[in-house]
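Take a look at the structure below.
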Amino acid sequence: MDTAIRIRGLVKTYGEHRAVDGLDLDIHRGEVFALLGPNGAGKTTTVEVLEGFRDRDSGEVDVLGTDPHRAPLRWRDRIGIVLQTSGGLDLLTPREVLRSTAKAYRRPRDVDEVLTAVGLAEKADDRVVGLSGGQRRRLDVGLGIVGDPELLFLDEPTTGFDPQARREFWDLIRSLATGGTTILLTTHYLDEAEHLADRVGVIGAGRLLALDSPADLGGRQSEEATVSWDEDGERRSIRTATPTADVARIAARFPGEVPELVVSRPSLEDTYLELITPHVTHDTLMEVPA
Amino acid sequence: MSTLAIGLDRATVELRMYSREKEAVLFSFLFPVLLLTLFSVVFSGQFEDGEMTASWFFLPGMIAAGVLLTSFQTMALSVATERDDGSLKRLRSTPVPPASYFLGKVGLVAVTSLLQLVLLLVVASVLFDVPMPGTTGRWALFAAIFALGVFGGTVLGIAYSSLSTSRSIGAVVIGPMLILQFISGVYIGWDSIPDWLRQVAALFPLKWIAQGMRAVFYPDEMASLEMAGAWEPGRTMLVLGAWAVGGLVLCVTTFRWFKRGTV
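Quick mapping for you: the protein sequence lines, in order, are chains V and Y. Sequential numbering from 359 applies to the first sequence in the working numbering. Sequential numbering from 10 applies to the second sequence in the working numbering.
Okay, here's the thing in structure tokens:
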């Protein structure tokens, strides 16, 4: 079986509001999949259904061969969940928390190895209360992976990180992916999805709007490129389907480098905003239970 | 690992956290000992005639209050906090069996209540010369009431935690507990509380734990000061047993892993 997660016609409503409205999605084993979407698009609801925390109104959901809503504790042995917030650990040390959590799994990873993997080896015996925000998040990831899961859920993992901490965190996630862990990531940061994900799914108003690799999402690889440069003291810019030929033509007019030459395609962010704009109505921006 | 082994591990983690929380240690673990010491000193002048001393008079009430502090109060506060800060959700996301979580709580309460009890008894007998129960019958009654009280307090505390959020649970727990301690004869002699208030107190378990502890520690002739003029050990066990069973049912039927409104 090469499908880790299979969703067919998932529907979840809160009162009148259809938070998830007929979602179909397959996530393959071993891939890093990023789920993008504005607040209220149904991301969190979908992920919580997959994690077995939330009931659904209709549709089929299969996670590692099991329906999460009726999954036995044994199923939790094979998944790891990194929650958005996790408090209540202040009085313990990372080593104590990881050691105790590891005991619940049948084949846990070595605690020291996990501490090293998440970069907390030096803080292993300090109280959690004294850790920085980034270090706490690393501990959350450590708790998610200590059971050596086949499938890891990461819910907005780098919110509040400084750029350096984010880079380090991405390296950690990539190393997990290299080790074969299937990862489902939700994020608000498009650069994060671009860096980490093999495939990106954009959801809006509870439906899947687009599904592709970050580079090809929304057909952005085939979109016209914009070539800009400085000539005769002013900024020139053309839209073209053949940027290579145009750059060669422009380059011929200059003795050396073309001044301030930029060739760009729509960024993932441009494409994303274009995709979701029709769906960001007053209704979808309404607060749904987080 | 088995449910029991994980439960034992949870108990050691719970104890570790409890011992590192200075407020908990001071206000629930050491509180009855501090109060017993304080009352023994402050009220010593009022007990000069008879053989009864202030510490002897207050010891049963302090033991009863200690039982409810370490079981009911600790559980209500800690479970409400754990539900709000996501600890329960995190546990639910792992293969930790729910039974192991509760075993951990029971272990925490059992160890802290027993330690607190031993400390109270040592302070009372060594520092204040309070006579300890002389017969095995009294010790057996003592053990039964203590066990029923701790168990009932634990399950009722877990059930009570669902009533509020961590922001207000302190007031929601500590206020009613304080009133209950006053009307149940913990801080004031039982016989000096108005009868209608004693009827109210008799609806709750604390009065019965305190009465049971008086039966264990007081001389027999003091039974005449009770409402029924007797110690009523059978009735005490029956009431405490009913609260324990009711508490267990409430605990199991109302327990929530997630904050209200989130799932």
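A virtual CB, placed ideally from N, CA and C, is assigned to each residue, including glycine. Quick caveat: nothing in here was measured; it's all calculated off a predicted structure.
Consider the Cβ of V/Thr459: report whether some Cβ of chain Y lies at a distance smaller than 8 angstroms. Residue-level contact check: V/Thr459 touches chain Y, since one or more beta carbons of chain Y fall below 8 angstroms from its beta carbon.
Could you confirm whether any beta carbon from chain Y is found closer than 8 angstroms to the beta carbon of V/Ala462? Interface residue, yes.
Reducing DSSP to helix, strand and coil, say where V/Ser595 ends up. Note: V/Ser595 maps to strand in three-state DSSP.
Taking only the alpha-carbon atoms, compute the straight-line gap between Y/Val258 and Y/Leu172 and give it to the nearest angstrom. Each residue's alpha carbon lies about 16 angstroms from the other.
Stretch pair the stretch 519-531 of chain V + the stretch 494-509 of chain V: three plus CB contacts closer than 8 angstroms: Between the stretch 519-531 of chain V and the stretch 494-509 of chain V there are three or more C-beta pairs closer than 8 angstroms, enough to call the two in contact.
Just to confirm, is the Cβ distance from V/Asp382 to V/Arg366 under 8 angstroms? Yes. Within cutoff.
Verify the contact flag: V/Arg532, CB atom, against every heavy atom of the ligand HEM, threshold strictly below 7 angstroms. In terms of ligand content, the structure shown is empty, and the ligand HEM therefore cannot be addressed.
Within 9 angstroms of chain V by C-beta, residues of the stretch 88-102 of chain Y in sequence order: Using a CB distance below 9 angstroms, the part of the stretch 88-102 of chain Y facing chain V consists of Thr90, Glu91, Asp93, Asp94, Gly95, Ser96, Leu97, Lys98, Arg99, Leu100, Arg101, Ser102, ordered along the chain.
Would you kindly check if the distance between the Cβ of Y/Gly162 and the Cβ of Y/Phe38 is under 8 angstroms? For Y/Phe38 and Y/Gly162, no; Cβs fall outside 8 angstroms.
Quick check: is the beta carbon of V/Asp468 nearer than 8 angstroms to any beta carbon in chain Y? Interface residue (Cβ-Cβ distance to chain Y less than 8 angstroms): V/Asp468 is not classified as such.
Using a Cβ-Cβ cut-off of 6 angstroms (strictly less than) and excluding sequence neighbours within five positions of Y/Trp252, which residues of its own chain qualify? Counting only residues of its own chain and dropping the five nearest sequence neighbours on each side, Y/Trp252 has a CB closer than 6 angstroms to the CB of Gly161, Pro214.
With 16 as the cutoff for other CB atoms within 10 Å, does V/Arg607 come out buried or exposed? So V/Arg607 ends up on the exposed side.
Whole alpha helix (DSSP H) elements within the stretch 193-236 of chain Y, 4-residue minimum: Fully enclosed alpha helix (DSSP H) runs of no fewer than 4 residues occupy 204-210, 214-226 of the stretch 193-236 of chain Y, in order along the chain.
With distance defined between alpha-carbon atoms, name the residue in V/Leu530, V/Thr371, V/Gly505 nearest to V/Arg434. Of the listed residues, the one whose Cα sits closest to V/Arg434 is V/Gly505.
Give the DSSP bridge partners of V/Thr544, in chain order. The secondary-structure analysis by DSSP pairs V/Thr544 across a beta bridge with V/Leu393, V/Asp513.
For V/Arg593 and V/Val616, the rounded distance between their alpha carbons: Rounded to the nearest angstrom, the two C-alpha atoms are 12 angstroms apart.
So V/Lys370 is in the beta strand (DSSP E); what residue range does that whole segment cover? Element bounds for V/Lys370: 361-372.
Is the stretch 475-483 of chain V in contact with the stretch 443-456 of chain V, if contact means three or more CB pairs nearer than 8 angstroms? Judged by Cβ distances under 8 angstroms, the stretch 475-483 of chain V makes contact with the stretch 443-456 of chain V, as three or more pairs qualify.
Where Y/Ile15 falls, given that 16 or more other Cβ within 10 Å makes a residue buried: Burial call: buried.
Is V/Ser533 helix, strand or coil by DSSP? Three-state result, V/Ser533: helix.
V/Arg434: contacting residues in chain Y (beta-carbon distance under 9 angstroms): The answer, in chain order, is Arg101, Ser102, Thr103, Pro104, Val105.
Starting from the N-terminal side, write out each stretch of the beta strand (DSSP E) that is 3 residues or longer and does not extend beyond the stretch 25-64 of chain Y. List check, beta strand (DSSP E) in window: nothing returned.
Quick one: is Y/Val34 near chain V, going by C-beta distance under 8 angstroms? With 8 angstroms as the cut-off, Y/Val34 does not count as an interface residue toward chain V.
Is DSSP giving Y/Arg269 helix, strand or coil here? Coil at Y/Arg269, not helix or strand.
Anything in chain Y within Cβ reach of V/Glu508, meaning under 7 angstroms, just list it in chain order. Against chain Y, a Cβ distance below 7 angstroms from V/Glu508 picks out nothing, because the smallest value is about 13 angstroms.
Nearest to Y/Val248 by CA position, among Y/Leu97, Y/Leu123, Y/Ala210, Y/Thr62, is which residue? Checked all of Y/Leu97, Y/Leu123, Y/Ala210, Y/Thr62; the closest Cα to Y/Val248 is Y/Ala210.
Taking all protein chains shown into account, do 16 or more other C-beta atoms lie within 10 angstroms of the C-beta of V/Val469, making it buried, or fewer, making it exposed? By the beta-carbon neighbour count (other beta carbons within 10 angstroms, threshold 16), V/Val469 is buried.
Is there at least one Cβ from chain Y nearer than 8 angstroms to V/Gly445's Cβ? It does: the Cβ of V/Gly445 has a partner Cβ on chain Y nearer than 8 angstroms.
In terms of DSSP beta bridges, what is V/Ala583 paired with? Beta-bridge annotation (DSSP): V/Ala583 is paired with V/Thr598.
Looking only at DSSP bridge pairs, what is V/Gly438 linked to? The secondary-structure analysis by DSSP pairs V/Gly438 across a beta bridge with V/Leu510.
If you follow the alpha helix (DSSP H) that Y/Asp93 is in, where does it begin and where does it stop? 83-93 is the span of the alpha helix (DSSP H), which, as asked, contains Y/Asp93.
Return the first residue and the last residue of the alpha helix (DSSP H) that V/Val455 is part of. In the DSSP annotation of this structure, the continuous segment of the alpha helix (DSSP H) that includes V/Val455 starts and ends at 452-460.
Three-way DSSP call (helix, strand, coil) for Y/Thr262 in this model: Helix, per DSSP.
So with CB distances below 8 angstroms, who are the chain V contacts of Y/Glu30? Close to Y/Glu30, with beta-carbon spacing below 8 angstroms, are these residues of chain V in chain order: Leu449.
Where V/Thr424 sits in the DSSP three-state scheme: If DSSP states are grouped into helix, strand and coil, V/Thr424 belongs with the strands.
Beta-bridge partners of V/Leu569, as assigned by DSSP: Paired residue(s): V/Gly559.
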